[in-house]
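Residue numbers (the numbering used here), protein chains in the order written: chain X, 21 to 529; chain W, 14 to 102; chain F, 1484 to 2417; chain Z, 3 to 163; chain S, 5 to 124; chain R, 4 to 119. In this text, a Cβ means the ideal position worked out from N, Cα and C, and glycines have one as well. Working notes, beginning with the structure itself.
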Amino acid sequence: MNHLPVLPVLLPLLAAALALLVPRRSLAAQRLVSWLSIGALLAVAILLTRQAGQGEVLVYLLGDWPARLGIALTVDRLGALMLLTTALLAIPCLLYAGAGWDRRALHFHALFQLQLAGLNGAFLTGDLFNLFVFFEVLLIASYGLMLSGGRGPRMSAGLHYVAFNITASTLFLVALGLLYGLTGTLNMAEMALRVAEADPGDVALIQAASGILLVVFCAKAALLPLYLWLPETYARAPAAVAALFTVMTKVGVYAVLRVYALVFGSEAGVLAGWAWDWLLPAGIVTLVLASLGALASPTLRAQAAWLVIASAATLFIAFSLGTAGAVSAGLYYLVQSTFAVAALFLIADMIRRQRGKAGDRLDIAAPLGHKTALGLLFLVAAVSISGLPPLPGFIGKFMLLAAVPETQLGWVWSTVLVTSLLAILALARSGSQLIWRAETFADAAAAPRPPRAPQRIAVALLLGYGVVLMLASGPALRYTQAAAEQVLAPADYMQQVRDTPPQTRAPSP
Amino acid sequence: MIETAVVVALYAVGLAMLMSLWRLLRGPSVPDRILALDTLYVNTIALLILFGMYLDSSIYFEAALIIAMLGFVGTVMLSKYVMRRDIVE
Amino acid sequence: MLELLLALPFVLALVVAVLRDVPRAVTAWLAASAPLLGLVVLAWLTPAVMAGEIPQVSYDWIPQAGLLFDLRLDGLAWMFAGLILGIGVLIVMYARYYLSSNDCAPRFFAYLLLFMGAMLGMVLAGNLLLLVVFWELTSISSFLLIGYWTQRKDAREGARMALAITGGGGLALLGGVLLLGQITGSFQLDVVLASGDAIRAHPLYAPMLGLVLLGIFSKSAQFPLHFWLPQAMAAPTPVSAYLHSATMVKAGVFLLARLHPALAGTDLFFYTVSCVGAATLLVGAWNAIFQHDLKGLLAYSTISHLGLITLLFGLSTPMAVVAGVFHILNHAVFKASLFMAAGIIDHEAGTRDMRRLGGLRRLMPFTSALAIIASLAMAGIPLLNGFLSKEMFFAEALEISGHDAMRLGLSLVAFLAGVFGVAYSLRFVHDTFFGDGPRAVDREIHEPPRWMKIPVEILVVICLAVGIVPAWTIAPVLATAARGVLGNALPAYSLSVWHGFNLPLLMSIGSMVFGVALYFGLRRLFNLHAIIRRSLGHRLFRVNVKALLMLAWRFTYAIANGSLQRYLLLMVLATLVLAAAPFAAGLLSGTSGASPLQGSAGGQPMPALGWLLWLVMAVAAIATVAMHRQRLLALIMIGAVGLAVSLVFVFLSAPDLALTQLLVEMVTIALMLLALNYLPKTSPHGRSALRRWRDIAIAAAAGLGVTTLVYAVITRPTQTIAGELLARSLPEAWGSNVVNVILVDFRGFDTLGEITVFGIAGLVVHALLRRTRLTVDETIPGGPMALPMPAQLSHLLFPLALAVSVYLFLRGHNQPGGGFIAGLVLAIPLLLQYVIQGSAYVQQRLGFDYARCIGVGLLAAVGTGVASMLFDVPFLTSGHADPHLPLIGEMPLASALGFDVGVYLVVFGGAMLILSMMGAVKSKDASPAQGNAA
Amino acid sequence: MRRFLPSLPLSLAVLVLWLLLVSDFGPGQLVLGLVLAIALPLFADMLKPERAHIGRLLVALRLGGTVFVDIVRSNIEVARRILGPEHAITPGFVQVPLELSNIHGITALASIITLTPGTVSAELSEDRRHLLVHCFNLGDAEGAVATIKARYEAPLKEIFP
Amino acid sequence: MIELALASGIGVLTACGVYLLLRARSFDVILGLTLLSYATNLLIFASGRPVIGKPPVLREGVAGTLANYADPLPQALVLTAIVIAFAMTAVAIVVAMRSRADNRSDHVDGHEPETPEPER
Amino acid sequence: MSAAFEILLVLLLAVGTFFVLVGSIGLVKLSEFFKRLHGPTKATTLGVGCILVASIGHHAALGDGLGLRELLITGFLFITAPISAHLMAKAALSLAEKDPRPPTTPRDDASPPDSR
Ligand code: NA
Ligand code: NA
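Below is the structure:
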């Protein structure tokens, strides 16, 4: 049988276990384990994307139980896309961390792999409670990644991050308890069916429960008014980790799309699509506030963090428009913005290390080593993030604008266009402050060491993904379009999940 | 008869727990409260046993056993904290 | 061929950028080869274009979005390509000598070529989206060019401003183009240009036009967005010459010409474009007079001329369009030469300030002559190219039909603009080349290097040639270009210098006379040099950007003020709102009865003992809150709450939960006590009572809300799948403790995740506390406390507890227990050893590597699951065997036991890693003798 | 022997515990119990407790009986005093000088003192030569000390020589 | 009545937890989170409908249906939730310790409210 | 179940419950920590022991087999109760404002004062 769907969780889990077993001092062995795992992950993700690309929903029944009894993993186009994005992102992050951070942060490799296991699990699972579990896996691993080797202000930022997310997880459980109490199941496809057939007297309750769930996802995805924790956290995280974190808000966005298109989606009767009415205005306001935040940021890393929020908000706008075109544009944008902002985090770190005490603060003029290379990298990243052509940020944005239904044209367009301008202003400001305003070091001896080769390669790789996405945007958008159509018409997905028979067991007694 | 006795005993133990709760709230000293919590734990053992008798089931035996075996750990730690602040020196 | 034409600048930009260490001459030649080769290609294509063909190539890019990589070369594109490349060659040549040795030439030429390529792409684009792509690329590359002297503040600011205005305009253009695409169903230029009538009739025409024009006006520096252009003068002069003559600012009017057939022909278009053009024309011209910087004067003059071109396209008559196209050409030629001349002067004199210049005709006669001719062309003096298009403009202004007021107004504007144009041209000539001076110049002024002059010479020759013999020089070019806009329906026009005495000529003469009078009149009335005019727009922009930054800052940090309390409050409030919303909506719509808050099921009687338990739980919880400022007390209270909760589990049929809750409670208390040593013993009072009451209200609302929801849910009949779990647990998963079967079999994957979380928690704690020293809140004097008697008893207890742990582990599948519970039952007695014996004592004797224990456990759990994959069944599928062992007999074994071993090890390892690390923390003031443990 | 069976009573206790827990005296559980009875004390022995030397088991049984009777008897006494008026209670501390020298004996004594109502052993002096005992109702301090020494310490001296 | 008692018990725990959650000191917040986790555990547990004396441990001769046993699924979920909550508490408390030690304040924001944040 | 056996069980329950209650009453009623310490730590232990014995008898009578394992609970209580009582007493001593301890006997003059 096809075991591919479970491998994206198992491989990093095994790698993490091995990383704990090899001698702690042997960094080489840990790195080897990490790289082997990531290589395998990438291969698996590519295979899964190709299989899911055929249009079939791969259903993997863990424990060989029918989906309603056990936990089913599902891979559709959307899930495969997320897996592939994560695997691709992990490579440069690991590369960058391998330039030295993994030496300072205890258990880095194990935590890194566990984070990947959590992310992949969240993208794979077709069970709502299992989604919670993998949320926790990825969150707790992220605490470790963020805080291991850190001190001082990072700790208080970490405290915010931890406390906020634990609260959100608590709410998740509340929502799950209520939903189980009302529908009697945890499998999303099964729940979708039961929500559709819900007693009219239960509808308000189901909606309240799913409203709480929405708060949870929006908290993870950093949507208004729950985004406030993010800038500080991401700005204070180690660079490689912050870069990896760019996909974490996307998990929240993914979860919203998955759950509110499947369980409360087009098949959900009275409740069909109710969440989008809330999300569109929230997304719009968040986008504006995040863009203002990017403009106001005192440091480049904070700016990158705000841009993470902006990107998530853009996705919410795209998804809440609810058309296949908009969702497709959103998915394309999701992938590209993940890479681009991740690159910006890494660049910010490289700049920080080239500026001595001034760090990445925008208000202080300081010399900058290796200005040309850093400037070039920054330029490419900035162009991509601010949605200027020809990089994929532009393609995503214009696809989104093109997909906006005429009734919502005014608000969405003006927001997206104006915030793009704000992003341009913000990045032009930070770039000109950090890179243009800089002098060269007066004496060569005091100049900091150049960024190490793996670091530069990591950034180039992330930006290179963008270039590939630009050149191959035709096929990429065909894929996202198909993914969007698949997500928005969940009947087929529900059918597949519910009808997949176990290997050996009877489907029902 | 025994059923009635068990129920009465359950209520009596419940009453004992309430009294322990009162001491827990009143204090006045920290050791008093620790003692009250410890007593609550021991009362719980009685409650579990009685409840098992009430249900004709030994399903709660393990819980009682665990409390008997490890319930005092909390008391030990709290007392140690009162004495030393650092409970693992 | 078109691909090649477009690729050349990009490829050579890359080449130039990569080959950084070659001599400057090589770099320049490489750079020049792009436009030179481009011109060759263009010349190759010229016969076809002249013949009316439109060479075209097309590749797919994002076909589903209508974005094709489509290039087409019609007359208009041909003309612009020629301008871009032709002037490009001259600029490169000029820049080779202009740049100082400090300037990084490869960077400069790479940017320049990038910009050239973007411009070429824009004029060649046969797809509107592609056009937008290149349009924004010109914004980016011009940003880089303007900011080329990065060390200068004005350069950085100018670059940012240009990017903000033109990039923002580009976004508007994108919007407009998307609307245009929605209107016509295609982004192909051919289609769009052919559906002008449909476009003009469409309800979205007005917003579309507005967005497109916003893009155009921003790029071509139309009033009131014109102010970025003078600021962009901070760029090196070759850049200014290029941007302001043939390229950047012409992009706007190019697009105006390009889309003219599709957009023009409505009153809206007519009024908007011509009024904006007219205003720009006047504002630019008037301001030009008062500039002191040569380049500033030229910049405002550029604005003015672009206003003129815009105005011409606004008038929309075929003749006006021809005039507009013609003026684009003429302006490019004379303005490029003027900028280069200004650059030469700057280069030689070290200043461009007309207040310090003067009398240069004596020091650099040849350059002066060139500059004077070019500025006369700018002023529209006969026999120079500027005159011809200006005449056409006057003629058109006088012939507007159907709009009498407009005609009068525009004629007046045209005349005034002519006057101002003469005046500022005169100022340029007079203040620079005549009169006294130069003053306070720190160097010897002489003619520039030969190669710096050649580009200017070529351009001036063109000015003269076009001005004197237009029919032989420019006529075919103009015809080809105009056909690109108007199609084959070209109006009849004459390019002769002499049309007889007519009103336009009179106006020309008048403007010359009045212009001269104005300049000298102004000079007499005022000291022109003392007037310092700052650009209002520029100031407004700066003020606005500052205000925006301030606003952004205020807004951002007023909301994200770094207060966790606020973040959590917002989350609680958001939850309350979203959870209450459906009921509120029901109330508002009067259908609240649809979701009653009490279901049809439930209603089981509650024994008094249950209420008693309720009381214990509630009172202890409230006491936790009431005493929370004394942390130890709160901790004791929370211990009571935990005990009550586990009793609830006992009463409501959940033995496994009760056990787990009890054990976790103990470990939690241990954890908190360990932490409390490093935290203050008490919490200070909150800041205000008001806030406390607010929080109490919110907390009460949350509690009430939860109560309501839970009650409503659990009084409804359930339709759970759990019945099937109960039925299939024993026959298919060989376990009678269904909860445990769910944990290790049905939902084993959850448990795998759960122990992963637990293990990670251990790792995180390990990472955070290893080798840390923390300040303790209070140190009790005296060494570590010896507890010999409890130690003895705990030694006795230890193996017994281990046996209980094994027992709970083995029976978990059928009775309450299991890996998790057993793991904690193993960990807690060990913790007790730590408490009673001290960390160092236990660590020395029982020093496990708990982190590895986690690794082994994970490996065991995953391995068990993987084993099933070897039998070609999914991960975690359970197996079962009943081996008959000698002496022991039947030994039922479920594979889930292997999984549970993993759970057991991870839980034990995780718990111990956490607790031992917390115990091993050393206080900062601990003596080194104590600090060698662990 | 000592290497594999650090403490016979402890191993016995584990075995008994196991058999009681599983409530199954079949051969399978017996074998498992024996394995545990050897393995677990071995493992626990890694903590290197101070080793006990049990002298006379018979005395231990007799002491057990005494303690059981004392527990019941004095519980009734304490119950009477708790339910009676509080002013009738005169609590107090006494220092019990110890003749027992090994820690097992002391521990057993302290435990017995604590388990029998009316007395709690509160503290062992650092030199292990005095046990501080709190008496619920201390009439005659000398007498109380003498009783403790006679009833419990004496047999314990035999059990843990 | 059991339902009401359970629901209101959960409500009390929630209210207490929320109040502590909104305090300014890390330890108080962690206490609040602990109370909230009790509340959520009970809530999930309640979603299986409370019944007395029917633990989901199969007995011979008693048919495995919901009439004879409590819903086991929420119990399993709660077990997972308890464990995860404990893990999270452990991390939170250690972060609180470190934050207090590094920043010399146990305020959740890493500095005492009156004093401005120390410069990095 | 024979009536006599049932009466025995009821009696055991009554005694057990009585001692449990006595322990808690002592906890509530008495005025000083060291007095309160005696009730719960011992009377309750005995009470629980009685209830346990009753439980064993009850389950045995119902034919679950002689569930002697309840004895283990008592066994563990006997090991652990002294530890907790000892430590609570020690904790209270450490908090006492004036040292309530009588001096050690003269022959112990040489012994050092308590660690505190
Ligand atoms: Na410690
Ligand atoms: Na005693």
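Per-residue contacts from residue i into chain W (C-beta, under 7 Å)
i	result
S/P59	I72
Helix, strand or coil at residue i according to DSSP, with G and I counted as helix
i	result
W/A77	helix
Z/V135	strand
F/E1930	coil
S/K58	coil
F/P2214	helix
F/Q2081	coil
X/F143	helix
F/G1841	coil
F/W1544	strand
X/I129	The sequence given here places His at residue 129 of chain X; Ile does not occur at that position. Correct three-state label for X/H129: helix.
X/E287	coil
Partner residues on chain F for residue i, Cβ-Cβ distance less than 7 Å
i	result
R/I28	In chain order: nothing, as chain F lies at least about 17 Å away.
7 Å Cβ cut-off: residues of chain B touching residue i
i	result
R/H89	Protein chains X, W, F, Z, S and R are contained in the structure displayed, whereas chain B is not.
Candidates the options, of which the one nearest residue i by Cα
i	options	result
F/A1515	F/A1500, F/D1557, F/G1571	F/G1571
F/L1568	F/L1607, F/R1590, F/P1589, F/Q1547	F/L1607
X/L483	X/L196, X/L213, X/F359	X/F359
F/P1931	F/L2279, F/F1849, F/T1785, F/F2003	F/F1849
S/V22	S/L40, S/I6, S/M5, S/A11	S/L40
Under 8 Å by beta carbon: chain F residues contacting residue i
i	result
Z/F45	P2282, L2285
Contact list for residue i against chain Z, beta-carbon separation under 8 Å
i	result
F/L2329	M48, L49
Where residue i meets chain S, residues with beta-carbon distance less than 9 Å
i	result
F/I1666	Here the premise fails: no neighbours, minimum Cβ distance about 53 Å.
Using a Cβ cut-off of 8 Å, which residues of the stretch 2272-2289 of chain F contact any Cβ in chain R, in chain order? M2272, P2273, L2276, S2277, L2279, L2280, L2283
Along the stretch 89-121 of chain Z, what residues have a CB closer than 9 Å to any CB found in chain R? I91, P93, G94, F95, V96, Q97, P99, T109, A112, S113, I114, I115, T116, L117, T118, P119, G120, T121
Listed in chain order, which residues of the stretch 2132-2145 of chain F have Cβ atoms closer than 8 Å to some Cβ of chain W? V2133, F2134, P2138, A2141, L2142, L2145
Quick one: which residues of the stretch 346-375 of chain X get their C-beta closer than 8 Å to a C-beta of chain F? List them in chain order. none
Interfacial residues, the stretch 15-29 of chain W to chain F, with Cβ spacing under 7 Å: L23, Y24, G27
If you measure beta-carbon to beta-carbon, which residues of the stretch 36-57 of chain W are closer than 8 Å to chain R? R36, S42, V43, P44, D45, I47, L48, A49, D51, T52, V55, N56
Under 7 Å (Cβ pairs) to chain F, residues found in the stretch 6-18 of chain Z: L12, A15, V16
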